[in-house]
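Read through the structure below, which is laid out as structure tokens, and then see the notes.
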Amino acid sequence: MCMFDRKYAMSEYFGKTPFPEQKEFKGKCVDCHGSLELYEVDFKNKSKILICKRCGLLHLYTKSFLGGWKLVKARKMSEPF
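Residue numbers (the numbering used here): 2 to 82.
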């Protein structure tokens, strides 16, 4: 009998998942309410840019005084900041 049976995945034997799930963010797009994906993080300015998976709208968030993230601007890809 083989160590790797067909009914069990290799990840169950070793206790690791081969491909971890991609992290989804809580935010929703202001235009189409689609899910957001991380596009860029700026640690110096304490800001991050998320992009909508459905319509491609960019969302600029900055770190608030209490530690949360605040939406500053939502714009199309071709417009400058």
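We put the CB at the ideal spot given by N, CA and C, even for glycine.
Everything numeric in this text was worked out from a predicted model, so none of it was measured.
6 Å CB neighbourhood of residue i in its chain, flanking five on each side removed
| i | result |
| --- | --- |
| Arg55 | Cys33 and Gly35 |
| Glu38 | Ile52 and Lys54 |
Best match in the options for proximity to residue i [C-alpha to C-alpha]
| i | options | result |
| --- | --- | --- |
| Lys47 | Arg76, Leu72 and Lys77 | Leu72 |
Beta-carbon spacing of residue i, residue j below 8 Å
| i | j | result |
| --- | --- | --- |
| Gly28 | Leu51 | yes |
| Trp70 | Lys64 | yes |
Close-in-space but distant-in-sequence residues of the same chain around residue i (CB under 8 Å, 5 per side omitted)
| i | result |
| --- | --- |
| Met2 | Residue confidence is low: Met2 scores 48 on pLDDT, short of 50, so the model does not pin down where it sits. Its coordinate-derived value is still stated next. Cβ neighbours of Met2 beyond the five flanking positions: none. |
Contacting residues, own chain, Cβ-Cβ under 7 Å from residue i (five flanking each side not counted)
| i | result |
| --- | --- |
| Gly57 | Met78 |
Residues bridged to residue i [DSSP beta-bridge criterion]
| i | result |
| --- | --- |
| Ser36 | Lys29 |
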